[in-house]
Amino acid sequence: MSQTTTVLLELADDPADVERPLTPDTLPPLAPRTGWRRWAWIVPTVPAVVLVAYQQLAPSQGWPLPAAVLGVLTVLLLLVAVLALARYLDDRDAQRETRARDALASAAERTTGSVLVDEVDPTGPGVLPDGATPLSGRLTFSVDHFPVRAPFTVTVPAGTAGPRSGDPVAVWYPQGTDGRPRVVLVRYQRDWADDLLAAMSPHADRLAPAVAAGSEADHGAASEPPPVDHQEFLLDLGRAGTEHPRLAAEVVAPTDAWRTVRVDLSLPGAPRSVLVFEDNDEVALIGPDGGHPVPLDTLDPARVLDLAERLLRQH
Numbered sequence: 062m063s064q065t066t067t068v069l070l071e072l073a074d075d076p077a078d079v080e081r082p083l084t085p086d087t088l089p090p091l092a093p094r095t096g097w098r099r100w101a102w103i104v105p106t107v108p109a110v111v112l113v114a115y116q117q118l119a120p121s122q123g124w125p126l127p128a129a130v131l132g133v134l135t136v137l138l139l140l141v142a143v144l145a146l147a148r149y150l151d152d153r154d155a156q157r158e159t160r161a162r163d164a165l166a167s168a169a170e171r172t173t174g175s176v177l178v179d180e181v182d183p184t185g186p187g188v189l190p191d192g193a194t195p196l197s198g199r200l201t202f203s204v205d206h207f208p209v210r211a212p213f214t215v216t217v218p219a220g221t222a223g224p225r226s227g228d229p230v231a232v233w234y235p236q237g238t239d240g241r242p243r244v245v246l247v248r249y250q251r252d253w254a255d256d257l258l259a260a261m262s263p264h265a266d267r268l269a270p271a272v273a274a275g276s277e278a279d280h281g282a283a284s285e286p287p288p289v290d291h292q293e294f295l296l297d298l299g300r301a302g303t304e305h306p307r308l309a310a311e312v313v314a315p316t317d318a319w320r321t322v323r324v325d326l327s328l329p330g331a332p333r334s335v336l337v338f339e340d341n342d343e344v345a346l347i348g349p350d351g352g353h354p355v356p357l358d359t360l361d362p363a364r365v366l367d368l369a370e371r372l373l374r375q376h
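One gets the working numbering by counting positions in the sequence shown from 1 and adding 61 to each.
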């Protein structure tokens, strides 16, 4: 079973709160575990115990013992075993999650990530009675150049500005993490995000001056072919993705940790996605099941979209 990442998302009150130190008492609690995984084994256990008792008492009491009783008892015992195994695995995962949260509280490393937020209808049934809005989406950040993506959910109180797609977030993960961390803390505040976005210079703004400078250069000098601009390709891919009849595409602006544009491709309404981005001067792709980046051998947006659709429909 591949390890998942639990995202503890905290909405800070002001920009200064985003960078405040982590302490065990201020770290958000872990979400409660799903009840059925922990207690579903009780449901088949009760009738299984009754049938075992009936099987033992039937000969001495002269009760009939149909063969179907043994068949039903076998099925119930198998269900008990499977659901008890699910409870055991859930307990082990809960212990790992608790240890990871404790490690995060004791020693953490800081980075910057970004979020993609699922669309929410402000008048739809997702709005809570007190005016709060539940948001869900995907977090993207890197641990020592290893890209990590994880789903998140957060309830945004009424009157509080929640995260927008492409907004930067502050991310903490346990110190010494190798690969995907088990638990991370994410903090977001709208003014803090706006200040960070304003401090960054978008890559596209640098393209026009470069082209103008080239046109004014000495015509007698030998002209060299312009280098391949991966950011232009990613922007073209994003535009092509929005027009694709079977895919949904989101273009994510650069952040502190990701200095380049990224394109997130998914099937409409599905949680799995394909991430296309620039990695070490080449365009790479991370499939819907995660893993290490895979360099692309084509910069044709149509072929990349076809590849992404095949990967998303494999399972």
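The beta-carbon is built from N, C-alpha and C at its ideal position, and this holds for glycine as well.
In this structure, Pro-242 keeps its C-beta atom at 7 angstroms or more from the C-beta atom of Tyr-249. Under DSSP, Phe-207 takes part in a beta bridge, and its partners are Val-204. Assignment of beta-bridge partners to Leu-246 by DSSP yields Leu-69, Trp-233. Counting only unbroken stretches of 3 or more residues, the beta strand (DSSP E) elements lying wholly within the region 283-367 are 309-313, 323-327, 334-340, 343-347, in sequence order. Counting along the chain, Glu-80 sits inside no alpha helix (DSSP H), nor does DSSP assign it H or E at all. Sixteen is the threshold: when 16 or more other Cβ atoms of the shown chains lie within 10 Å of the Cβ of Ser-175, as they do, the residue is buried. Sequence-distant partners of Trp-124 (beyond 5 residues in either direction) whose C-beta falls short of 8 angstroms from its own C-beta, in its chain, are Tyr-115, Leu-118. The alpha-carbon separation between Phe-213 and Pro-108 amounts to approximately 39 angstroms. In chain order, Val-141, Leu-144, Ala-145, Arg-148 place their CB closer than 7 angstroms to the CB of Trp-102, counting only its own chain and leaving out the 5 sequence neighbours on each side. Beta-bridge partners assigned by DSSP to Arg-171: Trp-233. Around the Cβ of Ala-363, a 10 Å sphere holds fewer than 16 other Cβ atoms; the residue is exposed. Looking at the DSSP output, Val-217 shares a beta bridge with Thr-194. With a cut-off of 8 angstroms on Cβ pairs, the region 125-135 is not in contact with the region 192-208, counting fewer than three such pairs. When the Cα atoms are used, Gly-237 and Leu-131 turn out to be separated by approximately 54 angstroms. Sequence-distant partners of Asp-151 (beyond 5 residues in either direction) whose C-beta falls short of 7 angstroms from its own C-beta, in its chain, are Arg-94, Arg-98, Arg-99. Beta-bridge analysis with DSSP links Val-176 to Leu-200. Nearest Cα to Asp-163 within the set Leu-91, Arg-333, Ala-222: Leu-91. In the three-state scheme derived from DSSP, where H, G and I count as helix and E and B as strand, Pro-212 is classed as strand.
If you draw a straight line from the Cα of Val-245 to the Cα of Ala-129, it is about 51 angstroms long. Counting along the chain, Gly-96 sits inside the alpha helix (DSSP H) bounded by residues 96-100. Nearest in C-alpha terms to Ser-167, of all of Glu-71, Leu-83, Trp-253, is Leu-83.
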